[in-house]
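Participant: Mapping to the working numbering: the sequence shown position 55 is 397, numbers consecutive.
Beta carbons are placed, not taken as given, at the ideal position from N, Cα and C, and that holds for glycine.
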Amino acid sequence: MTSNFDISAVRAAFPALALTDAGVLRRYFDAPAGTQVAGRVIDAMRDAMLNACANDGGAFRTSVAASAIVDAAHDGAAALFNCDPDEIVFGLNTTSLFFEFATLISHDWQAGDEIVLTRMDHDANVSPWLQAAADKGVTVRWLEWDRETFEFRYDSLDTLIGSRTRLVAVGQASNFLGTINDVTRVCAAARAVGAISVVDAVQSTPHIAIDVRAIGCDILCASAYKFFGPHAAIMFLSQAMQARLRPWKVRPSVETMPTRFAPGTPSFEAQAGTLAAIEHFAWIGSHCGGAPATAPLRQRLTAGFEAIIAYETDLMRQFLTGLTNMPGITLHGIGNANRLASRVPTFTFLIAGHEAPAVAAALADRNIFAWAGYFYAWEPATVLGLRDGPGALRIGLSHYNDAAEVDALLAALRDITR
Ligand SMILES: Cc1ncc(COP(=O)(O)O)c(C=O)c1O
Numbered sequence: 343m344t345s346n347f348d349i350s351a352v353r354a355a356f357p358a359l360a361l362t363d364a365g366v367l368r369r370y371f372d373a374p375a376g377t378q379v380a381g382r383v384i385d386a387m388r389d390a391m392l393n394a395c396a397n398d399g400g401a402f403r404t405s406v407a408a409s410a411i412v413d414a415a416h417d418g419a420a421a422l423f424n425c426d427p428d429e430i431v432f433g434l435n436t437t438s439l440f441f442e443f444a445t446l447i448s449h450d451w452q453a454g455d456e457i458v459l460t461r462m463d464h465d466a467n468v469s470p471w472l473q474a475a476a477d478k479g480v481t482v483r484w485l486e487w488d489r490e491t492f493e494f495r496y497d498s499l500d501t502l503i504g505s506r507t508r509l510v511a512v513g514q515a516s517n518f519l520g521t522i523n524d525v526t527r528v529c530a531a532a533r534a535v536g537a538i539s540v541v542d543a544v545q546s547t548p549h550i551a552i553d554v555r556a557i558g559c560d561i562l563c564a565s566a567y568k569f570f571g572p573h574a575a576i577m578f579l580s581q582a583m584q585a586r587l588r589p590w591k592v593r594p595s596v597e598t599m600p601t602r603f604a605p606g607t608p609s610f611e612a613q614a615g616t617l618a619a620i621e622h623f624a625w626i627g628s629h630c631g632g633a634p635a636t637a638p639l640r641q642r643l644t645a646g647f648e649a650i651i652a653y654e655t656d657l658m659r660q661f662l663t664g665l666t667n668m669p670g671i672t673l674h675g676i677g678n679a680n681r682l683a684s685r686v687p688t689f690t691f692l693i694a695g696h697e698a699p700a701v702a703a704a705l706a707d708r709n710i711f712a713w714a715g716y717f718y719a720w721e722p723a724t725v726l727g728l729r730d731g732p733g734a735l736r737i738g739l740s741h742y743n744d745a746a747e748v749d750a751l752l753a754a755l756r757d758i759t760r
């Protein structure tokens, strides 16, 4: 295991990891659906509801505290994505933000225009654009993926994206296959023809450092409850996009960010919690990644992600070795130990002779939490013929899992499928 990753301290940062039922520890392998929450997140949300319980913008103490949360949370999210604080939009979740922005963006689409979606994305980054396209008579083209490599057919981008393309929507990491995609390449192809690029970073944000400037996208979204925070989403909306879009607006509301594209009163407690989740990565950066505690937030964050990547790579190797030694496994994702840099630790697989929901239920009997199904990954599950049946089993590893838990999981899987 990576020696400088202080897994004991990391695990101690998550109160839920100590919970037991009838003396049996809970073991969480459901991270791709939602992670456990860092203790500092719980504290920050409680504190916000106690000390900042007012609308923002007023002169009195609680309102001043609410305004301070908004400012700090936007600064934190900007450090996480490497953008300006006034390019951050908070929302309820990624799905509702994409639906909202699909309405705004498709406003001037014309029949005969085209958009490009992918056969790998979660449906949150498909249906909003699909419905907008249907409303406007816009043609949808599809970026396919290779069933041997689990990667996009990037060589098809030249023919898919052209002068009629208005938007390209792509996921940075698949919630089904686990593949990390070359979104920089896809966004460059979109930019070359003046198309808007939208990146779904929900499954990448818990595992790798995000840099919207390097990616070159117009929009990127992540959900805080997938990265150790509360139920909320943060979206990067480039200044250029802000200038192009007409927001939903009640007349008294101001035209300036962060209010401009976030109608109504936000969840201040969720913003406080999201900031605390971001600070958790920064704490790892200084505690395990060698960044000075006084270094700028972005520097501590990138050090944190480097430490997480090294640790999760070891966990992935351990899990894959055990899994591939079991009989009857079909892994739908990259299994080659030399290609672990191309995937997040999300493993979707079938076990011959054992339906996934039954295996998930047997794991639950042992207080091991994992999902069976197709996880709203409508397109990839359709490609694999897994959408209409019992689906597949999905194991998600996170930086709060340890080697003993992975061993326990593998032993349970062997026992259940013996
Ligand atoms: C890749 C991906 N995108 C989008 C979503 C939807 O996120 P939300 O629940 O915040 O709408 C999920 C949820 O699982 C996801 O995995």
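CB Met577 to CB Leu562, shorter than 9 Å?
Facilitator: For the purposes of this step, residue 577 is identified with residue 235 of the sequence shown, where counting begins at 1. For the purposes of this step, residue 562 is identified with residue 220 of the sequence shown, where counting begins at 1. Yes, the Cβ-Cβ distance between Met577 and Leu562 is below 9 Å.
Participant: Counting Cβ pairs, one atom from each stretch, are 3 or more of them under 8 Å apart for the region 489 to 509 and the region 426 to 440?
Facilitator: no
Participant: Apply the 10 Å Cβ neighbour rule to Gln378 and answer buried if 16 or more other Cβ atoms are within range, or exposed otherwise.
Facilitator: Stepping through the sequence shown from its first residue, residue 378 is reached at position 36. Counting C-beta atoms within 10 angstroms of its own C-beta, Gln378 has 16 or more neighbours from the protein chains shown and is therefore classed as buried.
Participant: Below 8 Å, can you find three or more Cβ-Cβ pairs linking the region 478 to 487 to the region 735 to 745?
Facilitator: no
Participant: Asp757: buried (16+ other C-beta within 10 angstroms of its C-beta) or exposed?
Facilitator: As a working mapping, residue 757 is identified with position 415 in the sequence shown. Under this definition Asp757 is an exposed residue.
Participant: Comparing C-alpha positions only, which one of Ala532, Ala556, Tyr567 and Ile430 sits nearest to Thr547?
Facilitator: As a working mapping, residue 547 is identified with position 205 in the sequence shown. Nearest option by C-alpha distance: Tyr567.
Participant: Got a sec? Which residues, its chain only, sit under 7 Å from Val330 by beta carbon, not counting five neighbours each side?
Facilitator: No answer is possible for residue 330: the residues shown for the chain start at 343 and end at 760.
Participant: If we require 3 or more residues per run, which beta strand (DSSP E) segments fall completely within the region 433 to 477?
Facilitator: 456 to 460
Participant: Are Arg736 and Trp713 close, meaning C-beta to C-beta below 9 Å?
Facilitator: Start at 1 with the first residue of the sequence shown, and residue 736 comes out as number 394. Start at 1 with the first residue of the sequence shown, and residue 713 comes out as number 371. Closer than 9 Å, so yes.
Participant: Can you grab the Cα-Cα spacing for the pair Lys478 / Leu459, in whole Å?
Facilitator: Here residue 478 corresponds to residue number 136 of the sequence shown, with the count starting at 1. Here residue 459 corresponds to residue number 117 of the sequence shown, with the count starting at 1. C-alpha separation (whole angstroms): 16 Å.
Participant: Please classify Leu392 as buried or exposed, where buried requires at least 16 other C-beta atoms within 10 Å of its C-beta.
Facilitator: Position 50 of the sequence shown, counted from the start, is the residue given in the question as residue 392. Per the 10 Å Cβ criterion, exposed.
Participant: Do Ala633 and Gly627 count as a contact pair if the criterion is CB distance below 9 Å?
Facilitator: Residue mapping note: residue 627 aligns to position 285 of the sequence shown, counting from 1. Residue mapping note: residue 633 aligns to position 291 of the sequence shown, counting from 1. Yes, Cβ-Cβ distance for Gly627 and Ala633 is below 9 Å.
Participant: Out of curiosity, what's the CA-to-CA distance linking Ile710 and Pro732?
Facilitator: Taking the sequence shown and counting its residues from 1, the one referred to as residue 710 is at position 368. Taking the sequence shown and counting its residues from 1, the one referred to as residue 732 is at position 390. Straight-line Cα distance between these residues: approximately 19 Å.
Participant: Val544: which of Ala419, Ala515, Glu611 and Phe570 sits nearest, CA to CA?
Facilitator: Here residue 544 corresponds to residue number 202 of the sequence shown, with the count starting at 1. With distances taken between Cα atoms, Val544 lies closest to Ala515.
Participant: Heavy atom of ligand 1 less than 8 Å from the Cβ of Gly675, yes or no?
Facilitator: Taking the first residue of the sequence shown as 1, we reach residue 675 at position 333. Not under cutoff, so the answer is no.
Participant: Flag Pro374 as yes when its Cβ comes closer than 8 Å to any non-hydrogen atom of ligand 1, and as no otherwise.
Facilitator: Here the question's residue 374 lines up with position 32 in the sequence shown. Yes.
Participant: Taking DSSP as the reference, what is the three-state secondary structure of Phe610?
Facilitator: Counted from its first residue, the sequence shown places residue 610 at position 268. Residue state, collapsed to three classes: helix.
Participant: Tell me whether Leu519 is buried or exposed, calling it buried when 16 or more other Cβ atoms sit within 10 Å of its Cβ.
Facilitator: Here residue 519 refers to the residue found at position 177 of the sequence shown. With 16 or more Cβ atoms within 10 Å of its Cβ, Leu519 is classed as buried.
Participant: Kindly provide the ranges of any alpha helix (DSSP H) runs that are 4 or more residues long and lie completely inside the region 505 to 574, ordered along the chain.
Facilitator: 525 to 534 and 554 to 557
Participant: Rounding to the nearest angstrom, what Cα-Cα distance links Glu697 and Leu367 in this structure?
Facilitator: Translated into positions along the sequence shown, residue 697 becomes position 355. Translated into positions along the sequence shown, residue 367 becomes position 25. Distance between the alpha carbons of Glu697 and Leu367: 25 Å.
Participant: Along the beta strand (DSSP E) that carries Ala694, what are the first and last residues, could you check?
Facilitator: Within the sequence shown, numbered from 1, the residue matching residue 694 stands at position 352. Looking at the DSSP string, Ala694 is not in any beta strand (DSSP E), and its letter there is neither H nor E.
Participant: Shorter than 8 Å, the distance from the beta carbon of Asp749 to the closest heavy atom of ligand 1, or not?
Facilitator: Here residue 749 is taken as the residue at index 407 of the sequence shown, counted from 1. Not so, every heavy atom of ligand 1 lies at least 8 Å from the Cβ.
Participant: Would you mind reading off the limits of the beta strand (DSSP E) that contains Ala734?
Facilitator: Start at 1 with the first residue of the sequence shown, and residue 734 comes out as number 392. Unbroken beta strand (DSSP E) run through Ala734: Ala734 to Gly738.
Participant: Write down the C-beta distance between Gly558 and Arg533 rounded to the nearest angstrom, noting that I regard them as a contact closer than 8 Å.
Facilitator: By 1-based counting over the sequence shown, the position of residue 558 is 216. By 1-based counting over the sequence shown, the position of residue 533 is 191. Gly558 to Arg533, Cβ: 6 Å. Contact.
Participant: How many Å lie between Ser648 and Ser609 at the Cα?
Facilitator: Counted from its first residue, the sequence shown places residue 648 at position 306. Counted from its first residue, the sequence shown places residue 609 at position 267. One point to set straight first is that residue 648 is Glu, not Ser, in the sequence displayed. Spanning the two alpha carbons is a distance of roughly 31 Å.
Participant: Look up Ala714 in the DSSP assignment and say whether it is helix, strand or coil.
Facilitator: One-based indexing of the sequence shown puts residue 714 at position 372. Residue state, collapsed to three classes: strand.
Participant: Per DSSP, which one or two residues make a beta bridge with Tyr496?
Facilitator: For the purposes of this step, residue 496 is taken as the residue at position 154 of the sequence shown. Paired residues: none, contrary to the question.
Participant: Let me check you understand the geometry: is the CB of Glu549 closer than 8 Å to at least one non-hydrogen atom of ligand 1?
Facilitator: Here residue 549 refers to the residue found at position 207 when the sequence shown is read from its first residue. The question names Glu, yet the displayed sequence has His at residue 549. False, no ligand heavy atom lies under 8 Å from that Cβ.
Participant: Mark Cys529 as exposed unless 16 or more other C-beta atoms lie within 10 angstroms of its C-beta, in which case mark it buried.
Facilitator: Sequence index remark: in the sequence shown, residue 529 carries index 187 (1-based). Buried: at least 16 other Cβ atoms inside 10 Å.
Participant: Out of Ala702, Ile676, Gly365 and His622, state which residue places its alpha-carbon closest to the alpha-carbon of Ile650.
Facilitator: Translated into positions along the sequence shown, residue 650 becomes position 308. The option with the nearest alpha carbon to Ile650 is His622.
Participant: Based on the DSSP output, what are the partners of Ile576 in its beta bridges?
Facilitator: Locating residue 576 in the sequence shown gives position 234, where the first residue counts as 1. DSSP output for Ile576 lists Phe432 and Ala564 as bridge partner(s).
Participant: Below 8 Å CB to CB, which residues in the same chain sit around Thr607 once its five sequence neighbours on both sides are set aside?
Facilitator: By 1-based counting over the sequence shown, the position of residue 607 is 265. Asn397.
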